[in-house]
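Heads up: the structure comes next, in structure tokens.
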Amino acid sequence: MQAAVIVFPGSNCDRDVAVALGASMGRPPLMVWHGDSALPAVDLIVIPGGFAYGDYLRAGAIAAHSPVMREVVARARAGAPLLAICNGFQVAAESGLLPGALLPNAGLKFVCRDVYIRTESSGGIFTGHYQRGQVIRLPVAHHAGNYHIDDDGLKALEDNGQVAFRYCTPGGEPGDGANPNGSRDDIAGVYNEAGTVLGLMPHPERLADPRLGGDDGKAMFDSLVAALG
Amino acid sequence: MSGAPPRPNDLMGLSEDEYDRAVAILGREPNITELGIFSVMWSEHCSYKSSRKWLETLPTEAPWVICGPGENAGVIDIGDGLAAVFKMESHNHPSFIEPYQGAATGVGGILRDVFTMGARPVANLNALRFGSPEHPKTRHLVAGVVAGIGAYGNCIGVPTVGGECNFHPSYNGNILVNAMTVGIAPKDRIFYSAASGVGNAVVYVGSKTGRDGIHGATMASAEFDDDSDAKRPTVQVGDPFTEKLLLEACLELMATDAIIAIQDMGAAGLTCSSVEMADKGRVGISLDLDAVPRRESGMSAYEIMLSESQERMLMVLKRGRESQARAVFEKWGLDFAIVGALTDTGRLVIEQAGEVAADIPVAPLVDEAPRYERPWTPVPPPATLAAADVPQPESLSGCLERLLASPDLCAKRWVWEQYDHMVMADTVQRPGGDAAVVRVHGANKGLAMTVDCTPRYCAADPKTGGAQAVAEAWRNLTAAGARPLAVTDCLNFGSPERAEVMGQFVGCIEGLGAACAALDFPVVSGNVSFYNETNGRAVQPTPAIGAVGIIADLDRMATPALDAPGETLILVGDTAGHLGASLFAREIAGLEAGAPPPVDLAAERRNGDFVRGLIEAGRVGTCHDVSDGGLYVAVAEMALAGGVGATLEAPPEGVAPHAWFFGEDQARYVIAANARDVAAILVEAETAGVPARTIGRTGGAALTASGDDPISLAQLRGAHEGWLPGYMSSG
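Chains as they are written, first to last, in the numbering used here: chain A, 73 to 301; chain B, 1333 to 2063.
Right under this line is the structure:
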């Protein structure tokens, strides 16, 4: 398996995800600079967290129009697996690869802490190593992670099984304080219709190593390696 | 140059004597640009004219010190060919005037100091002091400062892993915002600021120069009055996105051998950076201001030279490497301009539109900067406060709950959850413990880091307070299992022109120098911030200490968390029950009085070395230092961190319960040990001359002191976690 991590000016979790993904793959992924319009043939594309283009205008808005994104969007629409984490999720939503939008947090403050999320579907390429309903602990670190979608869009997400993760209590229930940003229906991550693009606000790469206090995120990278060879 | 101007009415902060000295150096009256340059270079902020004499007394050397004070940051050897590069700096005045931008640019400035030297920043910390919670400005200042620090660090992608945050009415008119950055570099690839090579190009990179922050260094060298809000234009505006690009571009170019010298443009911008580079290299420098990238048209030489626009660097490149360097900066979308050259004249010559705008000999500008031996009066030693003079409370657990919910001891989660403390994926111990621990990327070792100061001790007895700040930092590193290596100091005081303030300064320096010497803990970098006073009222003396240590094996470190029942709690260190200048006295008894606890540096060293030995041997994994609030607070913090309660034994004969549980005697640690190891640990302690005794056992979901009401961890947690969010959302 080979993967490419897209690096925008202002990306700052590119190394982190490369380390975590590389540990599961057994070799480092390719790092692709935003100015490159050529994207090598890879099995997985990753848009990492950070503040691409400073998040000026609106989180992810400028990056969505970066040269490399034309190729990323084309590949993803053609079925190439894409993992979009945090700022990457914002870029993917701005690019139209995922439904909905990410608004400023309900508390209007940046929030960095561990959250619990419940795996809403398993068996796909991203979650093969999780059980459906499994509660995992991952950190969030964002100021615009408040997932919003209209009523029809939400119904479509539910009907198609596109809700990937929901914020929850450690016991797996929705509840007071579990949702860090006001996201609609506690949604922490969504798939595209085909299940080949995952966007999520929590950072699996930050808890993929027991030394850092947990490794619930490692199963996501292991799932990808198992599914994509 | 046009004819000599008359002596101006406004000397821009220079004294009459200083102005005369400038005239003598030039052999004529300075023009306005030259006067501006003298003014900032000789400001307290840049010249250390009142503090230098005393700073020179501090210990700065050790076998592991690669570069001590005088460069952009201190550099120490951390083994395996790597160096830690770190410094702490104040951004007090701008943060009070404009909290968000003031604090943000404080972070930006200290980050640049570290990556200028070739290091990748790996952690930020900060030490914040605000006024009384009841003061009408405090809430606004806390919100703005925390948001500003977060915005900068989060965007650039350097984790903010630790700090402290206190409140006291002495900071009502002058908050303190001290920011520290720690970076890691290959130890044979450290970059310095001394320019060399006559004819070599002087290159400007980064953001364009605008009219922001003009005379910021001078503003930071004067006290405030009722019109301090009018100084807002002297505050800089930060752009962390540009700094991220500048960081990556600089590190990319530093991986080549194109750079001879590099200096960030911080206080006093282009003036200070060009003068320092030329002076350190004993060369002259000529600058063509028409080549400086500018945001605005019509900027005068004075404005360009004194602007403190952020995210800018000055470099001297090897000849012929300009196009290689230009390509790197253009890749990152940054300005790159050759703005001058090194000369053999020894003079700073500035030209604009074909005219000489300034011409000053560099060496006298630096070497003949004023140096003052300010008069000082020692702070009279306070009377000791006997425990018997502090009323014994009815309920120890009630006092504990009140202390843990007090502004100084409450959980600061509301603050650090606004900071990305995990980016870079090497944060091994997150905020909230004794020291933050950041793994050295790719290795199984870590840097422990902390910032500490107890201003109420410094106010009561500066020498003891100075020593205590260093000792507490050393203890916090030790409690994590780290070997303490070196210190950066950020010395925040009132006006040095007042003898009482200088007395505080001299006392604190004496104490911190003694502690650094006794603990082999040299000062490698630092910063002095005077004039933290308004209308003659100064802040409490606050010599904040930032410190770095090394954990050689991350499998052998300690955290404060009590996470297993049935363990024995051991108190290491002597307890006389010292309540003077304690939080118990202040928060419970309403007494801001008494001498601070004595600091016995030999005992600190003995006790700390013993505790570290246990951690390094893998025999103890749970440890917390005892500081603010004393023993009961320390145990409560451990219990809350791990979710396991404890039962504590009665005090020994002769120590009153409130003195035992809340006294702030120094050189103490609480460790949790497996019951079967306890006897051996106590015997070894005795052999080492280290006082140690069992004080209780872990277990349950409450804390119980012998003979006192228990208190549940849930209730304590509510009090501890509740105060700050409640405060910030009310009013």
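Every residue, glycine too, gets a C-beta built ideally from N, C-alpha and C.
When the options are compared against residue i, the one with the closest alpha-carbon
i                      : options                        : result
residue 121 (chain A)  : A:220, A:181, A:87, A:225      : A:87
residue 1773 (chain B) : B:1985, B:1784, B:1676, B:1756 : B:1756
residue 1511 (chain B) : B:1940, B:1842, B:1857         : B:1857
residue 101 (chain A)  : A:89, A:107, A:214             : A:89
residue 1534 (chain B) : B:1646, B:1578, B:1413         : B:1646
residue 1661 (chain B) : B:1392, B:1650, B:1883, B:1582 : B:1582
residue 1389 (chain B) : B:1867, B:1839, B:1368         : B:1839
residue 1381 (chain B) : B:1347, B:1355, B:1417         : B:1347
residue 1349 (chain B) : B:1778, B:1723, B:1703         : B:1703
residue 1974 (chain B) : B:2030, B:2026, B:1520, B:1881 : B:2030
residue 161 (chain A)  : A:291, A:228, A:262, A:288     : A:262
residue 1448 (chain B) : B:1759, B:1516, B:1340         : B:1516
residue 234 (chain A)  : A:157, A:196, A:73, A:136      : A:196
residue 1896 (chain B) : B:2032, B:1700, B:1729, B:1958 : B:2032
residue 1405 (chain B) : B:1855, B:1610, B:1572, B:1537 : B:1855
residue 1845 (chain B) : B:1392, B:1463, B:1371, B:1338 : B:1392
residue 1639 (chain B) : B:2057, B:1580, B:1550         : B:1550
residue 2006 (chain B) : B:1466, B:2056, B:1415, B:1953 : B:1953
residue 1912 (chain B) : B:1659, B:1719, B:1377         : B:1719
residue 1586 (chain B) : B:1611, B:1627, B:1628, B:1658 : B:1658
residue 1644 (chain B) : B:1437, B:1803, B:1962, B:1356 : B:1437
residue 1715 (chain B) : B:1923, B:1554, B:1598         : B:1923
Near the ligand COA: residue i beta-carbon under 7 Å from a heavy atom
i                      : result
residue 1965 (chain B) : Here there are no bound small molecules, and the ligand COA is not part of this structure.
Classification of residue i by the beta-carbon crowding that lies within 10 angstroms, buried from 16 upward
i                      : result
residue 1530 (chain B) : exposed
residue 1456 (chain B) : buried
residue 1676 (chain B) : exposed
residue 172 (chain A)  : buried
residue 2038 (chain B) : exposed
residue 2008 (chain B) : exposed
residue 128 (chain A)  : exposed
residue 211 (chain A)  : buried
residue 1498 (chain B) : buried
residue 1351 (chain B) : buried
residue 290 (chain A)  : buried
residue 1595 (chain B) : buried
residue 1519 (chain B) : buried
residue 1826 (chain B) : buried
residue 227 (chain A)  : exposed
Contact set for residue i: own chain, Cβ-Cβ below 8 Å, skip 5 residues either direction
i                      : result
residue 1707 (chain B) : 1831, 1834
residue 1950 (chain B) : 1887, 1888
Contact set for residue i: own chain, Cβ-Cβ below 7 Å, skip 5 residues either direction
i                      : result
residue 1334 (chain B) : The pLDDT assigned to residue 1334 (chain B) is 47, lower than 50, so where the model puts this residue is not dependable, and the model offers no usable value.
residue 1948 (chain B) : 1813, 1888
residue 1852 (chain B) : 1394
residue 1940 (chain B) : 1806, 1807, 1810
residue 286 (chain A)  : 209, 279
residue 1968 (chain B) : 1732, 1736, 2035, 2048
Residues near residue i in its chain [Cβ-Cβ closer than 6 Å; skip 5 each side]
i                      : result
residue 1689 (chain B) : 1365, 1633, 1682
residue 1878 (chain B) : 1420, 1512, 1783, 1820
residue 184 (chain A)  : 213
residue 84 (chain A)   : 122
residue 1609 (chain B) : 1525, 1527, 1593, 1595
Beta-carbon separation (whole angstroms), residue i vs residue j, contact threshold 8 Å
i                      : j                      : result
residue 106 (chain A)  : residue 80 (chain A)   : 5 Å
residue 208 (chain A)  : residue 221 (chain A)  : At roughly 23 Å, the Cβ-Cβ gap does not stay under 8 Å, so residue 208 (chain A) and residue 221 (chain A) are not in contact.
residue 1641 (chain B) : residue 1541 (chain B) : 5 Å
residue 140 (chain A)  : residue 77 (chain A)   : Not a contact, Cβ separation roughly 11 Å.
residue 1933 (chain B) : residue 2046 (chain B) : Incorrect: roughly 40 Å between the Cβ atoms, too far for contact.
Next on the checklist: Using a Cβ-Cβ cutoff of 8 Å, what residues of the segment 1460-1492 of chain B are near chain A? List them in chain order.
Outcome noted: Cβ contacts with chain A come from 1479, 1482, 1483, 1486, 1487, 1488, 1489.
Item to check | Residues within the segment 204-221 of chain A neighbouring chain B, beta-carbon criterion of under 7 Å | outcome: Residues passing the 7 Å Cβ filter: 211, 213.
Checklist entry - In chain order, what residues of the segment 1731-1758 of chain B put their CB closer than 7 Å to some CB of chain A? => result Correct list: 1749, 1750, 1751, 1752, 1753, 1754, 1755, 1756, 1757.
Next on the checklist: At a CB distance below 7 Å, what residues from the segment 142-174 of chain A approach chain B? Give them in sequence order.
Outcome noted: Interface annotation for the segment 142-174 of chain A against chain B: empty, criterion Cβ-Cβ distance under 7 Å.
Checklist entry - Mind listing which residues of the segment 275-292 of chain A have their C-beta closer than 9 Å to chain B's C-betas, in chain order? => result Residues of the segment 275-292 of chain A with a Cβ closer than 9 Å to any Cβ of chain B, in chain order: 275, 277, 278, 279, 280, 281, 283, 284, 285.
Checklist entry - Of the residues that make up the segment 74-90 of chain A, which ones have a beta carbon closer than 7 Å to any beta carbon in chain B? => result Result list: 81, 82, 84, 85, 88.
Checklist entry - Between the segment 1656-1667 of chain B and chain A, which residues of the former have a C-beta closer than 9 Å to a C-beta of the latter? => result Shown in chain order are the members of the segment 1656-1667 of chain B whose Cβ falls below 9 Å from a Cβ of chain A: 1663, 1664, 1665.
Checklist entry - If you measure beta-carbon to beta-carbon, which residues of the segment 177-190 of chain A are closer than 8 Å to chain B? => result Result list: 181, 182, 183, 184, 185.
Checklist entry - Which residues, taken in chain order from the segment 106-124 of chain A, show a beta carbon closer than 7 Å to some beta carbon of chain B? => result Within the segment 106-124 of chain A, the residues whose Cβ lies closer than 7 Å to some Cβ of chain B are 122, 123, listed in chain order.
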